[in-house]
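For reference, the structure discussed in these notes is given below.
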Amino acid sequence: MTERTGVLDRPGTGPAVRRAPARTSPRRPRGAVARRAALSVLLGLLALLTVSPFAAMFVVALSPAGKPTVPAAWPSSLTLDNVVRVVSASGFLTWTFNSLVYAVVSVVIILLTASMAGYAFAKKRFPGRDAMLWTFLATMMVPFQATLIPMFVLISDLGGVDTFWGLIVPTLANSQAVFLMRQFIRDLPDELFDAAKVDGAPEWVVYWRIVVPLTRPVLATLGVFVFLWHWNDFLWPLVIAQSDEMRTLTVGLTTLQTEEIQLSMLMASAAVSVVPCLLVFFVLQRYLVNSIAMTGLK
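So for the sequence shown, UniProt numbering puts the first residue at 1; every next one is plus one.
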């Protein structure tokens with residue numbers, strides 16, 4: 001007798017393997033599908049609403065001079081004449097260099113000081129820590145315009161007018177950056193820092209080997225925001241940079257406008273100034289996504 005194994009035997013073909021029933025994914029309720037579709041449509045409309053001003057800016061910038069100011073339709077011809085006029089303007093390279101120095105140096109110093117201060121406020125215990133933190137955060141409620149004149153008088157008395165240090169130093173105290181770093185570092189496990197102390201690691205090793213690697217996503221996010229703040233800053237560079245050689249790009253481009261407003265030139269200037277911001281965003285996009293994902297997990 002042959003033992004039945006539950007497998008169908010066909011003569012001449014050997015044992016046939018019974019096929020497992022195909023697995024089907026559970027069907028979603030119609031209400032969930034409708035909500036998902038409505039959400040996708042809403043997000044698409046919001047994305048279109050966000051991109052539309054930038055698209056209009058580039059279209060007007062590439063349109064020939066004298067065309068309608070608001071592009072109701074795609075122009076019949078595109079030209080780079082407006083962009084060439086902006087880039088070839090005297091002082092453009094100097095303004096761009098000044099803006100890069102202003103933004104990059106500020107990013108490096110603010111990331112360094114904010115991460116150190118955030119680490120101290122999050123993981124260190126010292127007298128007056130909470131009072132110092134709340135006092136520091138209270139400065140966020142004071143608008144920059146309220147301190148503009150006293151700050152200019154102080155920098156002027158110190159001889160900082162028309163200098164890079166006079167342009168950069170007053171903007172380095174960033175309470176928002178310190179608060180963001182403090183909130184992120186506070187959620188890091190204390191066991192990492194305790195293990196480093198047991199191993200006898202000094203503070204600078206703990207900061208450089210533990211804090212900095214674990215906070216790279218938030219550092220990249222903060223770096224993008226700080227770069228955008230300083231690259232697009234207009235009021236303080238306008239006040240402190242009084243010569244053409246010290247103007248930043250945002251201030252220098254305003255001097256290209258005459259009494260007659262040429263919208264194509266204005267949009268070309270805006271398009272040129274926004275290109276570095278887009279490059280920084282695309283380069284650090286991966287870190288921005290990781291930072292948002294980690295924030296959601298917490």
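Glycine included, each C-beta is placed from N, C-alpha and C at the ideal position.
Tell me whether the beta-carbon of residue i lies closer than 9 Å to the beta-carbon of residue j.
i      : j      : result
Ala271 : Val83  : yes
Phe234 : Cys277 : no
Ala268 : Arg85  : yes
Val105 : Ile168 : yes
Ser115 : Leu284 : no
Ser230 : Ala117 : Reading off the sequence, residue 230 comes out as His, not Ser. Not closer than 9 Å, so no.
Met181 : Leu133 : no
Ser99  : Thr250 : yes
Leu137 : Phe179 : yes
Thr255 : Asp244 : yes
Gly166 : Leu172 : no
Asp190 : Lys124 : no
Ser264 : Pro64  : yes
Leu93  : Trp236 : no
Phe164 : Val101 : yes
Any idea if residue i is buried or exposed, counting beta-carbon neighbours within 10 angstroms, 16 or more meaning buried?
i      : result
Trp204 : exposed
Ser90  : exposed
Phe281 : exposed
Ser76  : exposed
Leu111 : buried
Phe97  : exposed
Leu266 : buried
Pro53  : exposed
Ala55  : exposed
Pro127 : exposed
Can you list, in chain order, the residues of its chain whose CB lies under 7 Å from that of residue i, leaving out five sequence neighbours each side?
i      : result
Met140 : Ser175, Gln176
Tyr119 : Ile185, Tyr207, Val211
Leu192 : Ile210
Could you tell me whether the Cβ of residue i comes closer than 9 Å to any Cβ of chain D?
i      : result
Ala268 : The question asks about chain D, but that chain is absent: this structure has only one protein chain.
With DSSP run on the structure shown, which of helix, strand or coil describes residue i?
i      : result
Asn232 : coil
Leu148 : helix
Tyr287 : helix
Leu279 : helix
Pro237 : helix
Ser99  : helix
Leu8   : Any answer about Leu8 is weak, because its pLDDT of 47 lies below 50 and its placement is not dependable; what the coordinates show is given next. If DSSP states are grouped into helix, strand and coil, Leu8 belongs with coil.
Gly200 : coil
Thr250 : helix
Ala89  : coil
Leu62  : coil
Leu48  : helix
For residue i, I'd like the list of residues in its chain whose CB is within less than 6 Å of its CB, leaving aside the five on either flank, ordered along the chain.
i      : result
Arg247 : Trp95, Ala241
Gly296 : For Gly296, the pLDDT reaches just 47, beneath the cut-off of 50, and the residue's location in the model is therefore unreliable, although a value from the coordinates is still provided. Contacts found: none.
Met151 : Pro170
Val239 : Phe152
Ala61  : Asn82, Met267, Ala268, Ala271
Leu288 : Thr221
Taking only runs of the alpha helix (DSSP H) that begin and end inside the segment 125-196, which ones reach a length of at least 4 residues, in chain order? 129-138, 148-157, 164-168, 175-186, all fully within the segment 125-196.
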